[in-house]
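Visitor:
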Amino acid sequence: MAKNKPETLEARGLTRQALLHKARKADYDEFYTKYEDVEKELNMYSKSIWKNKVVFCNCADAVGNDKLSTSPFSLYFFRNFRTLGLKKLICTYYAGKVGEFNQGAKGYIFTKTGYSDIGTKEYPKDYTGSFDHPLSLKILREEADVVCTNPPFSRAIDYWKILIESGKRFIIISNISNVVTLAFVPYFKEGKVWAGYNRVDWYLTPKRELTEAAGHWYTNIPINNRPKYKNLKLIPLSNIPTKYMKYDDSKTLIVNNGYIPSDYKKPFAVSARPVLNGLLEKGYVLVEDKVYYPCINGKNCFARVLVKKI
Ligand SMILES: C[S@@+](CC[C@H](N)C(=O)[O-])C[C@H]1O[C@@H](n2cnc3c(N)ncnc32)[C@H](O)[C@@H]1O
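With this note's numbering applied, the sequence shown has no gaps in its numbers, which climb one by one up to 1215 at the end.
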């Protein structure tokens, strides 16, 4: 009997690099948040944002019998349910391949309706726990007030689209470079999202080992007196050290190291960092809803966005 030859990468329309990239992305999906990072960020917001609200954690936010089998988001809201004055906590568990949090192969919906309610788990037929499953979407659109989680890196584009279209408030973790990534730039330009307080550099692998990745909190909840404004160096153009400013081949100004020209009227290019530090709250706007790739002496530089003073 003739054996079926495995299809080549070429026949599948893939390159080796694309395959590696895909695998790496899927690996990043299994980077779990450290409890301290959830606590550090969520403690920054006014308690009033939670009062009488339904919190929805919708990406593999397991609720188990102990800390190891519970997502740090579920745990935070469990522990602080009364202090925050929550009305309800809904956490959905996604039955992924890795079986994180040892919660089995079935998706479920956990609901806690009050401080003294220990909560119940439902396992609806064919429910995967995916954030885009019809039942998860129904909770998002009809019940949730505030959404909090760390969504899978590989599904970030779909996740942001669904979340932002829902119009719900949110505090989520995502890649630090979203500000300079085409799919996300329009949300920043339209003021539908901005940086939360902190970056998140360390995560836990399924084996509970520390691993590094560049994440940041994002939200659409007002940030009071952003501490990172202090990293923005707003000064006249002529005072910016020359080593931190240059013009690209199209004569567009590029500034680095937190320097922002306070008296420059034309669009100029910045990296993600100043935007994450609150530049768009200081009288500057994004000029286009796309990424800007400066070219210097014919060589492409890393991605930026164009901003200008209003
Ligand atoms: C970055 S981890 C975060 C897990 C947990 N929320 C935390 O913060 O520790 C993202 C999780 O989303 C899960 N996931 C993957 N695809 C999903 C989907 N379509 N819907 C919901 N969760 C998904 C992954 O298996 C992974 O456990």
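For every residue, glycine included, the Cβ atom is placed at its ideal position computed from N, Cα and C.
Residue range of the alpha helix (DSSP H) that Y1092 falls in?
Guide: V1090 to K1094
Visitor: According to the neighbour-count rule (16 or more other Cβ atoms, all chains shown, within 10 Å of its Cβ), is R1131 buried or exposed?
Guide: With 16 or more neighbouring CB atoms inside 10 Å of its own CB, R1131 falls in the buried class.
Visitor: For P1179 versus I1145, is the C-beta spacing smaller than 8 Å?
Guide: Not in contact: P1179 and I1145 (Cβ atoms no closer than 8 Å).
Visitor: Do I1081 and F961 have their C-beta atoms closer together than 8 Å?
Guide: no
Visitor: Could you please give the first and the last residue of the uninterrupted alpha helix (DSSP H) stretch that includes E1047?
Guide: P1039 to E1047
Visitor: Using the three-state DSSP reduction, which class does F982 fall into: helix, strand or coil?
Guide: Helix at F982.
Visitor: Is S1041 near N963, with beta carbons less than 8 Å apart?
Guide: A distance below 8 Å separates the beta carbons of S1041 and N963.
Visitor: DSSP three-state label for Y1198, please.
Guide: coil
Visitor: When the Cα of Y1152 is compared with those of L1185, A1119 and I1201, which residue comes out closest?
Guide: Out of L1185, A1119 and I1201, I1201 has the C-alpha closest to the C-alpha of Y1152.
Visitor: Which of helix, strand or coil does DSSP assign to S1021?
Guide: coil
Visitor: Do F1075 and N1125 have their beta-carbon atoms positioned less than 8 Å apart in this structure?
Guide: yes
Visitor: What I want to know is whether the C-beta of F978 ends up closer than 7 Å to one or more non-hydrogen atoms of ligand 1.
Guide: yes
Visitor: So if DSSP puts V880 in a beta bridge, which residue, or which two residues, is it bridged to?
Guide: Nothing about residue 880 can be read from this structure; the chain reaches only from 906 to 1215.
Visitor: Does the Cβ of G1034 lie closer than 7 Å to at least one heavy atom of ligand 1?
Guide: yes
Visitor: Restricting to Cα atoms, I'd like to know which of K1195, T1033 and I1215 is closest to L1170.
Guide: Looking at the sequence itself, residue 1170 is Lys, so the reference to Leu does not match. Among K1195, T1033 and I1215, the Cα nearest to that of K1170 is on I1215.
Visitor: For N1144, which three-state DSSP category applies?
Guide: helix
Visitor: Should E935 go down as buried or exposed, given a rule of 16 or more other Cβ atoms within 10 Å for buried?
Guide: buried
Visitor: Distance check for D1106 and Y1013, CA to CA, integer angstroms please.
Guide: 29 Å
Visitor: Got a sec? Which residues, its chain only, sit under 6 Å from N1161 by beta carbon, not counting five neighbours each side?
Guide: Taken in chain order, the residues that qualify are Y1149.
Visitor: Kindly indicate which residue of H1038, R1104 and K1135 has the alpha-carbon position closest to the one of N1055.
Guide: R1104
Visitor: Return the Cβ separation of T1116 and V1196 in integer angstroms, given the expectation that the two are a contact with Cβ distance under 8 Å.
Guide: Contact doesn't hold; Cβ gap of about 27 Å is too wide.
Visitor: Is any heavy atom in ligand 1 found nearer than 7 Å to the beta carbon of A1061?
Guide: no
Visitor: Spell out a yes or no on whether the stretch 932–952 and the stretch 1023–1038 are touching, meaning 3 or more CB-CB pairs, one atom from each, closer than 8 Å.
Guide: no
Visitor: Would you mind working out which of V968, K993 and L1142 sits nearest W955, comparing C-alpha positions?
Guide: K993
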